[in-house]
Amino acid sequence: MNLEELRKKIDDVDARVVELIGERIRIAEEIGRGKRAKGSSIEDREREKTVLENVKHIARKQNIDIDGEALASIYERIISACKNKEGITVAFQGEAGAYSEEAAFQFFGTSIALRPCETLEEVFKSVEEAGVQLGVVPVENSLEGSISRAYDLMLESGLRVCGETELRVIHCLIAGPDANLDTVKKVYSHPQALGQCRNFLKHLNATLIPSYDTAGSVKMIKEQGLTDSAAIASARAAEIYGMEVIAREIEDNPNNFTRFFILAGKDAPPSGQDKTSIVFSTKNQPGALYEALGEFSRRHINLSKLESRPTRQKPWQYNFYLDFEGHREDAAAREALANVERLSIFLKILGSYPKAKGRL
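Numbering-wise, my numbering puts 374 at position 355 of the sequence shown, and it's gapless, one number per residue.
Structure follows, in structure tokens:
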């Protein structure tokens, strides 16, 4: 065959591939309608994992010369497009270009429908009341620690954690096209971002102004034409709003990761590689916390996070936020949780979910 004939064959194959993708999307729409009718969880990471392993197995079985991870990457994009047709909308805090939006893309793929929210409270409310299926909220940063407001809202909310993802945060100083480090007199960003760039900012002769969002700061500078101002945000935010990056990777520590929870009406079924997040408050008696933690130790359940926070209801009384490895439906976990509840004033399971592939 000559080159033109081979290209014609590729065109024919592409037409069949597109037709099959269209069929897959139509089936995904039916699945989405069925899930909504039953009140089932829209997100099913275990099913997606099975699909990706299955297509790699098919490729090996048929001796198709393609890298398994490359094939999985293609299918992740297809799955993301199917989710969009299933009617999945994901709420996040911030404007387009925010790190929470990047986390949503990292977890769900880039074809999902998104709903930007000004506050974390609005994210929770959107999922609880406004017909949005899922929310993405930051809960912990490797440099700045836990994001208290997110944990407070989870304590108050009936939503469950159904997933987690960890995002490498790379901060950039962003300004208008004619700006440079000498012309910047004001720097806007979220307080967490300002805190993560202290070393860079202390050498910059500028006033630091906290704002509600990283990307929102870039948008504001653009819309108001602030030529003496810059914002700390992602490089993607600069691209979205037509601004310039005048300094890259300005965070104090390159080991800068933010952990995000995925919120839904229900948590995830067991996957075999799970985590569970809980909050509890022990009775005010000697050894109460020691006894509660011992329930996990005796069953060889590893704890990956333990943090105390004031209850805000009574002075010097604390809630303990705890993550452990395993699913709440595991036999050992069920026993441990039952005993912790017996030893506690209260216990709330925030959710069980597949562990993120990451560093935290």
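Heads up, the beta-carbon is just placed ideally off N, CA and C, and yes, glycines get one too.
Quiz item: Which first and last residues belong to the alpha helix (DSSP H) in which A350 is found?
Solution: A350 to L362
Quiz item: Can you list, in chain order, the stretches of the alpha helix (DSSP H) that have 4 or more residues and sit fully within the region 137 to 193?
Solution: 139 to 148 and 167 to 175
Quiz item: Can you tell me the Cα-Cα spacing of S296 and G154, whole angstroms?
Solution: 17 Å
Exercise. For Y231, name the three-state secondary structure that DSSP assigns.
Key: coil
Quiz item: What number of angstroms, rounded off, separates the C-alpha of D342 from the C-alpha of A100?
Solution: 32 Å
Quiz item: Would you call N1 buried or exposed, if buried means 16 or more other Cβ atoms sit within 10 Å of its Cβ?
Solution: The displayed coordinates of the chain run from 20 to 379. Any statement about residue 1 would go beyond what the structure contains.
Practice problem: Keeping to the same chain, check which residues put their C-beta closer than 7 Å to that of R378; ignore five residues upstream and five downstream. | Solution: Caution applies to R378, whose pLDDT of 43 falls short of 50 and renders its modelled position unreliable; the value that the coordinates give is listed next. The residues are E185 and F276.
Quiz item: Closest to G313 by CA distance: which of I269, E270, F280 and E360 is it?
Solution: E360
Practice problem: Can you tell me which of N224, S167 and A110 puts its alpha carbon nearest to the alpha carbon of V203? | Solution: N224
Exercise. Just the C-alpha distance for S323 and I40, rounded to the nearest angstrom, thanks.
Key: 40 Å
Practice problem: Specify the secondary structure class of P289 as computed by DSSP and reduced to three states. | Solution: coil
Exercise. Let me know the secondary structure DSSP gives A16 once reduced to three states.
Key: Because the chain spans 20 through 379 in this model, residue 16 falls outside it and cannot be assessed.
Exercise. Would you give the residue range spanned by the alpha helix (DSSP H) that E120 belongs to?
Key: Y118 to F127
Quiz prompt | Beta-carbon proximity list for V237, same chain, < 6 Å, skipping 5 on both sides | solution = I193, A250, A252, A256, Y260 and M262
Quiz item: Ordered along the chain, which non-local residues of its own chain (more than five positions away) have a Cβ less than 6 Å from that of N272?
Solution: L162
Quiz item: For G87, which residues from the same chain have a beta carbon less than 6 Å from its beta carbon, with the 5 sequence-adjacent residues on both sides left out?
Solution: K75
Practice problem: Can you say whether P373 is buried or exposed, counting buried as having 16 or more other CB atoms within 10 angstroms of its CB? | Solution: buried
Practice problem: Using a threshold of 8 Å, state whether the C-beta atoms of E120 and F126 are closer than that. | Solution: no
Quiz prompt | Check whether V180 and G370 have beta carbons under 8 Å apart | solution = yes
Practice problem: May I ask you to report which of helix, strand or coil DSSP gives Y337? | Solution: strand
Quiz prompt | As assigned by DSSP and simplified to three states, the class of S130 | solution = coil
Quiz item: Which residue or residues does DSSP assign as beta-bridge partners of A283?
Solution: R179
Exercise. Please report the Cβ distance between V298 and Y337, rounded to the nearest whole angstrom; I am assuming they are in contact, meaning their Cβ atoms lie under 8 Å.
Key: Between Y337 and V298 the Cβ distance is about 10 Å, and since that is not below 8 Å, they are no contact.
Quiz item: Cα separation between A375 and I46?
Solution: 28 Å
Self-check item: Beta-carbon proximity of A307 to G113, cut-off 8 Å
Solution: no
Practice problem: Would you list the residues sitting across from A249 in a DSSP beta bridge? | Solution: V206
Quiz item: Are there 16 or more other CB atoms within 10 angstroms of the CB of H190, so buried, or fewer, so exposed?
Solution: buried
Quiz item: Any idea if R347 is buried or exposed, counting beta-carbon neighbours within 10 angstroms, 16 or more meaning buried?
Solution: buried
Self-check item: C-beta contact flag for E326 and L362 at 8 Å
Solution: no
Exercise. Return yes when the Cβ of A283 is within less than 8 Å of the Cβ of L178, no when it is not.
Key: yes
Practice problem: Return the CA-CA distance between R217 and G116, expressed in angstroms with no decimal places. | Solution: 22 Å
Practice problem: Check whether the Cβ of E183 sits closer than 7 Å to any heavy atom of the ligand ADP, and report yes or no. | Solution: Ligands are entirely absent from the displayed structure, and the ligand ADP is therefore not among its contents.
Exercise. Report the partner residues of D342 according to the DSSP bridge assignment.
Key: S296 and K324
Quiz item: E270: buried (16+ other C-beta within 10 angstroms of its C-beta) or exposed?
Solution: buried
Exercise. Would you kindly work out how many angstroms separate the C-alpha atoms of K367 and L172, rounded to a whole number?
Key: 13 Å
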